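Participant: Mind looking over this structure? Questions follow.
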Amino acid sequence: MTPDLERFVDLATRPLEGKPEQREEAKVELMARIGHQGMPLEMVELDDEVACLEKAPVPKIWPCRVTMLLVFVGLLVATVVMTSISVREGALSIQAQMMGYRYGFGSTSRPEESMLSQWIETRAPGIPLRNGSEMELSEAVSRNSGDVALLQQELLRAAGESPGGLSSEQRGKANTIDRGNGYYDFIDIQSHLAKAMGGSGRMRSTSAKVADEKAFEAALKALSDAASAERFHDASGELKRRQLDAFPSSQGIMEELIQVAFSNIIRSSAPKHRYYYSSSGNSVISIQAERMEKNSDVKGLLDSRDQVLALGRLLVSDSDMGGVDVQGALSWITENLNPIRSALHKLGEKAEGDELDELVKELEEAGLAVQGGSWLEESPSLRLSEWDEVPADLTVAEILPAGRAERAFFLRLLALAGSILALLLGSFTAFEAYRRPRRVAGMAKGLRPLLDWKDHAWIVGLGVVLPWAWFLVVVCLTPLGLRDLSMGYRDGLGIGVSLIQASGAFIFAAVMILWTAYWRWEIRGGFLAFRGGAMVIGRISGYLAAASVPAAGLIRYFDLTSDEEMAFFLLGVSGLATTGLLWLIWIAVLNLCTPKSNALRANVVMRAALPVMFVGLASTLVAAWIQWSAEKHWVDEDRLFHSSTSTTHLNALEERISKDLRERVMAVLDEAP
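Throughout, the working numbering is defined as the position within the sequence shown, counted from one, plus 42.
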């Protein structure tokens, strides 16, 4: 044994000075590894390695372990906190949006809603209504006796749940603070009709047979009084605006959804869904038109037509304040004109019938959805697809901030998912690095100085910097990132592409961290039999995972018409990233099954890779924070979907749509008889 070789073995086992027996075993293993390369020990030159180990201080095992443990715990806490915030946002949003569907407008004092209640207490303590329950409404009206909007909500509920119309006491309240408003007669139509048809409460009879003629006459009178009212005003739009304004400026998309959900607690007299309200006026008119047809009462049919048009004008006019939905009012008009025109045709009144046919046709054409152009199919905003109608003058520049906010929100979730996966990968790496016996750990600690700063720079550069740079260049600087398109592009294909690109970049990073660590130890510790281990396969699998990032974005250039074609394309692209995942699984199984007598190579590699794994984990958390900040920025820049962009409607988009539709419908009604 040469002096250099003896000196090297002695320096490499310094961490085992307190364990003489284990140190001797370690020296034997190192000598065996050096001799394994087939070169006589007398010819082995280790001058550089000895000099490197001599310069390094005596490594201590426990301080390093404690340091790594503290770093791990810190990153774990950061990951849990950031993930919990996003999960809490999602849970609050789901609870808020499900209030009306799951609990109706009843009590919301259920235990699972305590989190939402506490959040509202903090964020919007002055909100008019928290759940819209009967008790809450009654208390709110009692506290605010002159509040028209709250009173209307209470009476709208009462009219819907108590057949027979509003009571004299309720009418007195309305006349005291809101005299001359046809709103109360309009909501009374359904209540009287429920009693007339023999229904009670929320359940209505679908039969056209009238069980209570007096109640039916009251429903007709309510319709006539509403049509002849001096004005009509549904204050639900104002109350919705107060609900929205009770919240501070939203911090992100999820908080915006929560605010909108609380505004949807408020009911309108003419909702968007026609089957919710069509039975109120339509059944009254249908039954009356049928009776007039039997009596050949043409004048009565024309009078009914005039009532419908008069009340329709009032409803459409009030839509400018956001209380009445124009589409709902339009549907109410056409639903009620249909039985009248049918009866006129059956009575042979061709001129009047044709005139009504033409009017209904014009109204339906006026209410047809208007689209801003073919570019909307590739809009940058997913939320735009939720709107049936889009202003013709809408531009991409107006939609862009909303699209950017949505993409930042989704990328934040992907970054958080990546941080969880990185945490799991780092945990496995730490397990492999520190699970071995003291002898293996001592050798690995003693050999660690062989890797200098350049080697660690290689691992960080190829394992963290390169994958991030590759992902950002492809996704942010080329069309392959689909940043100009909605996340819902091609029925959600945009989300699938983003998932594949993020997964491919993550797998690329994980493969390159381990592969580079193996590579650098091959260079620095080749004389210790640290060569081999399918390095070529690992490098190729890393390249294939990297290729999946741009390959997924190529879908925008292929004319894939069927779901099967798109599925096969995405499956093939995913397979590129899966090769890297298979290599990682192979390495994991190989390390787990490696006996302690041959565990040194895996141990030194995992110790070199572990700090870089933590750097990668930290980078995903930083990326999530950056995307969170970007989401807030673009939400503030949004002048279309944000609730603060309108004073009368949900947002500026709804306001513009309502204005356009209202003008078209009113133009037709102004020319009607």
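Virtual Cβ for every residue (Gly too), placed ideally from N, Cα, C.
Just so it is clear, the structure is predicted and the values come from calculations on it, not from any experiment.
Does the region 604-619 touch the region 556-570, meaning 3 or more C-beta pairs lie closer than 8 Å?
Facilitator: With the cut-off at 8 Å, the region 556-570 and the region 604-619 do not touch.
Participant: Y318 by DSSP, collapsed to three states: which one?
Facilitator: Residue mapping note: residue 318 aligns to position 276 of the sequence shown, counting from 1. In this prediction, Y318 scores a pLDDT of 42, lower than 50, which makes its location untrustworthy; the coordinate-derived value is nonetheless stated afterwards. Helix, per DSSP.
Participant: Given a threshold of 16 other Cβ atoms within 10 Å of its Cβ, counted over all protein chains shown, does T218 qualify as buried or as exposed?
Facilitator: On the sequence shown, residue 218 is found 176 positions in, with the first residue counted as 1. It is exposed - the Cβ of T218 has fewer than 16 other Cβ atoms within 10 Å.
Participant: If you draw a straight line from the C-alpha of T164 to the C-alpha of E696, how long is it?
Facilitator: In the sequence shown, the residue the question calls residue 164 occupies position 122. In the sequence shown, the residue the question calls residue 696 occupies position 654. Looking at the two C-alpha atoms, the distance is approximately 29 Å.
Participant: Could you work out which residue in K215, L556 and T437 is closest to V502 when comparing CA atoms only?
Facilitator: If you number the sequence shown from 1, residue 502 lands on position 460. That would be L556, whose Cα lies nearest to the Cα of V502.
Participant: In terms of DSSP beta bridges, what is R273 paired with?
Facilitator: Here residue 273 refers to the residue found at position 231 when the sequence shown is read from its first residue. R273 is bridged to N223.
Participant: Roughly how many angstroms lie between the CA atoms of D430 and V553, to the nearest whole one?
Facilitator: The sequence position of residue 430 within the sequence shown is 388, counting from 1. The sequence position of residue 553 within the sequence shown is 511, counting from 1. Roughly 46 Å between the two C-alpha positions.
Participant: Grouping DSSP H, G and I as helix and E and B as strand, with all else coil, what is H691?
Facilitator: Position 649 of the sequence shown holds residue 691. Coil, per DSSP.
Participant: Hey, out of L158, I127 and S128, whose CA is closest to M140's CA?
Facilitator: For the purposes of this step, residue 140 is identified with residue 98 of the sequence shown, where counting begins at 1. With distances taken between Cα atoms, M140 lies closest to L158.
Participant: So, is the C-beta of S583 closer than 9 Å to a C-beta in chain C?
Facilitator: This model lacks chain C altogether, as it is built from one protein chain only.
Participant: Would a C-beta distance cut-off of 9 Å place R478 and A486 closer than the cut-off?
Facilitator: Position 436 of the sequence shown, counted from the start, is the residue given in the question as residue 478. Position 444 of the sequence shown, counted from the start, is the residue given in the question as residue 486. It is a contact, given that the beta carbons lie within the stated cut-off.
Participant: Give me the residue from G536, I76 and L703 with the minimum Cα distance to L424.
Facilitator: If you number the sequence shown from 1, residue 424 lands on position 382. Taking only the C-alpha atoms, the option nearest L424 is G536.
Participant: Could you tell me the alpha carbon to alpha carbon distance between F470 and P491, rounded to whole angstroms?
Facilitator: Taking the sequence shown and counting its residues from 1, the one referred to as residue 470 is at position 428. Taking the sequence shown and counting its residues from 1, the one referred to as residue 491 is at position 449. Roughly 23 Å separates the two Cα atoms.
Participant: So which of E87, E63 and E67 has the shortest CA-CA distance to D46?
Facilitator: Residue numbering aside, residue 46 sits at position 4 when the sequence shown is read from its first letter. That would be E87, whose Cα lies nearest to the Cα of D46.
Participant: Check L492 in the structure and name its three-state DSSP category.
Facilitator: On the sequence shown, position 450 is the one that residue 492 refers to. L492: helix per DSSP, three-state reduction.
Participant: Looking at C-alpha atoms only, which residue of W563, E67 and V350 is the closest neighbour of P715?
Facilitator: Within the sequence shown, the letter at position 673 stands for residue 715. P715 has its Cα closest to that of V350, out of W563, E67 and V350.
Participant: Are there 16 or more other CB atoms within 10 angstroms of the CB of G188, so buried, or fewer, so exposed?
Facilitator: Here residue 188 refers to the residue found at position 146 when the sequence shown is read from its first residue. Per the 10 Å Cβ criterion, exposed.
Participant: With a threshold of 16 other CB atoms inside 10 Å of the CB of E91, please say whether the residue is buried or exposed.
Facilitator: For this step, residue 91 is matched to residue 49 along the sequence shown. Burial call: buried.
Participant: For P637, which three-state DSSP category applies?
Facilitator: For the purposes of this step, residue 637 is identified with residue 595 of the sequence shown, where counting begins at 1. In this structure, P637 counts as coil in the three-state DSSP scheme.
Participant: If distances are taken between C-alpha atoms only, which option among G595, I295, A447 and G468 comes closest to L519?
Facilitator: Here the question's residue 519 lines up with position 477 in the sequence shown. With distances taken between Cα atoms, L519 lies closest to G595.
Participant: Hey, which unbroken runs of the beta strand (DSSP E) at 3 residues or more fall wholly within the region 372-430?
Facilitator: As far as the region 372-430 is concerned, it has no whole beta strand (DSSP E) run of at least 3 residues.
Participant: Drop a sphere of 10 angstroms on the beta-carbon of G148, count the other beta-carbons inside from all chains shown, and report buried for 16 or more, exposed for fewer.
Facilitator: The count along the sequence shown starts at 1 and reaches residue 148 at position 106. Confidence at G148 is low in this model, with a pLDDT of 37, below 50, so its placement is unreliable and no value can be given for it.
Participant: Could you check the C-alpha separation between A551 and A74 for me, to the nearest Å?
Facilitator: Walking along the sequence shown from the start, residue 551 turns up at place 509. Walking along the sequence shown from the start, residue 74 turns up at place 32. In a straight line, the C-alpha of A551 is about 34 Å away from that of A74.
Participant: Using the Cα positions of S33 and Q137, report the straight-line distance between them to the nearest angstrom.
Facilitator: There is simply no residue 33 to check, as the chain begins at 43 and stops at 715 in what is shown.
Participant: Would the region 448-455 count as touching the region 665-683 if we require 3 or more Cβ pairs under 8 Å?
Facilitator: Yes, since at least three Cβ pairs between the region 448-455 and the region 665-683 fall closer than 8 Å, the two stretches touch.
Participant: What three-state label does DSSP hand D90 in the structure shown?
Facilitator: As a working note, residue 90 is residue 48 in the sequence shown. Three-state DSSP puts D90 in a helix.
Participant: Excluding the 5 residues flanking Y318 on each side, which residues of the same chain have their C-beta closer than 6 Å to its C-beta?
Facilitator: In the sequence shown, counting from the first residue as 1, residue 318 sits at position 276. Because the pLDDT of Y318 is 42, which lies under 50, any placement of that residue in the model is unreliable, and the number read from its coordinates should be weighed accordingly. So the list is empty, once near-sequence residues are dropped.
Participant: Check Q285 in the structure and name its three-state DSSP category.
Facilitator: Here residue 285 refers to the residue found at position 243 of the sequence shown. Of the three classes helix, strand and coil, the one that applies to Q285 here is helix, per DSSP.
Participant: I believe L198 touches W161 by the beta-carbon criterion, under 8 Å. Please report the beta-carbon distance rounded to the nearest angstrom.
Facilitator: Along the sequence shown, one-based indexing puts residue 198 at 156. Along the sequence shown, one-based indexing puts residue 161 at 119. Actually they are not in contact, since the Cβ atoms of L198 and W161 sit about 27 Å apart, beyond 8 Å.
Participant: In angstroms, rounded to a whole number, what distance separates the CA positions of P205 and L265?
Facilitator: As a working note, residue 205 is residue 163 in the sequence shown. As a working note, residue 265 is residue 223 in the sequence shown. Their backbone Cα atoms lie some 16 Å apart in a straight line.
Participant: What does a CB cutoff of less than 6 Å around A475 pick up in its chain, not counting 5 residues either side in sequence?
Facilitator: Numbered from 1 along the sequence shown, position 433 holds the residue referred to as residue 475. The residues are M648, R649 and L652.
Participant: Which residue marks the beginning of the alpha helix (DSSP H) containing A201, and which one marks its end?
Facilitator: In the sequence shown, residue 201 corresponds to position 159, counting from 1. Segment V190 to E203, the alpha helix (DSSP H) holding A201.
Participant: Measure the beta-carbon distance from D254 to P422 and round it to whole angstroms, keeping in mind my assumption that it falls under 8 Å.
Facilitator: For the purposes of this step, residue 254 is taken as the residue at position 212 of the sequence shown. For the purposes of this step, residue 422 is taken as the residue at position 380 of the sequence shown. About 56 Å; that fails the 8 Å criterion.
Participant: By how many angstroms is the C-alpha of Y585 removed from the C-alpha of S373?
Facilitator: Position 331 of the sequence shown holds residue 373. Position 543 of the sequence shown holds residue 585. Their Cα atoms are separated by approximately 58 Å.
Participant: In terms of residue numbering, what span does the alpha helix (DSSP H) encompassing Q160 cover?
Facilitator: The residue you call residue 160 lines up with position 118 of the sequence shown. Taken as a continuous stretch (DSSP letters only), the alpha helix (DSSP H) holding Q160 covers S156 to R165.
Participant: Please name the residue in Y226, P290 and G279 whose C-alpha comes closest to that of K263.
Facilitator: Against the sequence shown, residue 263 aligns to sequence position 221. Ranking the options by Cα distance to K263, first place goes to Y226.
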